[in-house]
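A.B. asks:
In the numbering used here, the protein residues as written are 38 to 472.
1. Tell me, please, whether the stretch 394-409 touches the stretch 231-242 by the rule of three or more beta-carbon pairs shorter than 8 Å.
2. In angstroms, rounded to a whole number, what distance separates the CA positions of residue 239 and residue 229?
3. Quick one: residues in its chain with C-beta nearer than 8 Å to the C-beta of residue 86, no 5 flanking neighbours on either side, listed in chain order?
4. Three or more beta-carbon pairs under 8 Å between the stretch 319-329 and the stretch 374-391, yes or no?
5. Which residues in the same chain have their Cβ closer than 8 Å to the Cβ of residue 219, if we skip the five residues on either side of it in sequence?
6. Determine the DSSP secondary structure at residue 448, reduced to helix, strand or coil.
7. From residue 41 to residue 52, what distance separates their C-alpha atoms?
8. When DSSP builds the beta bridges, which residues end up paired with residue 256?
9. Is it buried or exposed for residue 465, if we count other Cβ within 10 angstroms and need 16 for buried?
10. Identify, in the order they occur along the chain, each residue of the same chain with its Cβ nearer than 6 Å to the Cβ of residue 199, setting aside the five sequence neighbours on each side.
11. Considering Cα atoms alone, identify which of 347, 45, 385 and 269 is closest to residue 90.
12. Give me, in chain order, the residues of the same chain whose beta-carbon lies closer than 6 Å to that of residue 363; leave out the 5 immediate sequence neighbours on both sides.
13. Residue range of the alpha helix (DSSP H) that residue 108 falls in?
14. Would you call the stretch 206-216 in contact with the stretch 171-184, where contact means no fewer than 3 C-beta pairs closer than 8 Å?
15. Are the stretch 134-143 and the stretch 285-295 touching, with three or more C-beta to C-beta distances below 8 Å?
16. What residue range is occupied by the uninterrupted beta strand (DSSP E) comprising residue 187?
17. Since residue 270 is in the alpha helix (DSSP H), which residue starts that stretch and which ends it?
18. Taking the alpha-carbon positions, what's the residue 334 to residue 463 distance?
19. Helix, strand or coil for residue 396 per DSSP?
Rendered as structure tokens:
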């Protein structure tokens with residue numbers, strides 16, 4: 038068997054799995070239903086067996102046995118996990134990342150700190166395709182502080198201070214973006230990989246261009262961490278946030294993370310002055326005196342069980358290596374694109390993701406006038422889990438460690454059959470506000 042087989046033959050996917058350098062990893066994840074095709078790892082990753090073991094051990098050997106004495110070594114786990122994240126995923130050195138709080142809280146912290154660091158600047162910039170949390174938080178900060186918010190309208194959805202900007206499927210041209218930058222801009226925030234389209238941004242070029250105007254860029258890496266090589270040092274990233282429950286497979290509600298390059302740590306005063314950021318924490322003194330280093334960005338007691346899940350997943354990622362993970366993401370999404378061309382395009386679907394693998398993350402997006410009903414039918418009738426996003430979009434993910442090529446092939450084949458036969462119309466609406 039060889040790679041010369043056409044992608045539309047299942048034997049092609051079988052061959053890819055047999056040659057996959059990461060082929061031992063899908064078996065390291067819990068699967069309640071072996072027949073299910075889970076193509077939603079970009080929204081919530083699968084449960085690693087090692088995480089189940091780690092949490093069970095912590096409950097009995099940690100919390101259950103040590104009780105409050107466990108804090109003597111639990112207390113620094115946000116920094117320890119942050120250093121592992123930096124090493125395994127972010128491509129940078131220690132003392133610059135924390136696994137802590139939620140992505141939303143971390144965004145608020147970094148947005149506000151960056152704005153306050155240059156109080157004479159009165160403009161902040163985001164794009165309309167950014168994740169809702171990012172947009173809503175920056176809108177609230179701008180309103181509270183009387184700032185001018187510019188929304189780069191890349192998808193015609195508008196937003197406060199909307200300015201029309203043409204992009205290549207949400208991928209920015211740095212030269213076009215530069216025309217809107219000035220020394221009045223306090224912060225620019227974008228996604229390293231866009232949450233809907235899966236578009237990967239030119240991080241280094243945009244960061245360097247913004248730096249010419251003294252503008253810090255806060256990169257949201259929620260859909261990038263664990264799917265692409267981030268190389269923060271090579272790309273010059275100074276400020277970033279992300280979550281751990283997507284490609285990092287740390288579970289629902291697992292803690293987020295933030296990154297602040299060492300050169301920026303003393304420049305920023307965090308708005309939420311928590312006691313974990315206090316220099317002499319257990320003195321319980323009357324005034325806030327921030328500690329030196331990355332811990333000044335921590336607020337309160339760390340979610341230790343959540344961090345253990347993150348550490349368990351990072352162990353797996355570190356063994357596999359991000360270069361191999363990115364390569365599989367690109368090959369898997371390329372197979373999806375080829376199957377889209379052969380199977381879905383003739384059925385009225387449109388591709389909303391780049392064909393150039395270097396411009397993609399770990400998922401593709403397709404649209405169809407009846408996408409919501411099709412996504413429902415995939416779950417109910419096809420035992421395939423995608424996710425649906427307005428307007429009329431279905432996202433399909435290759436989560437490199439957890440997903441097999443056969444799983445991708447089978448899922449898209451079932452999707453094709455449901456639409457081709459018209460059976461997708463038989464699915465009945467569910468009483469849930471989650472899509």
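C-beta: ideal position from N, C-alpha, C; glycine also.
C.D. replies: In terms of the structure at hand:
1. yes
2. 8 Å
3. 65, 66 and 67
4. no
5. 160 and 250
6. helix
7. 10 Å
8. 227 and 277
9. exposed
10. 188 and 190
11. 347
12. 265 and 266
13. 108-111
14. no
15. yes
16. 185-190
17. 269-272
18. 51 Å
19. helix
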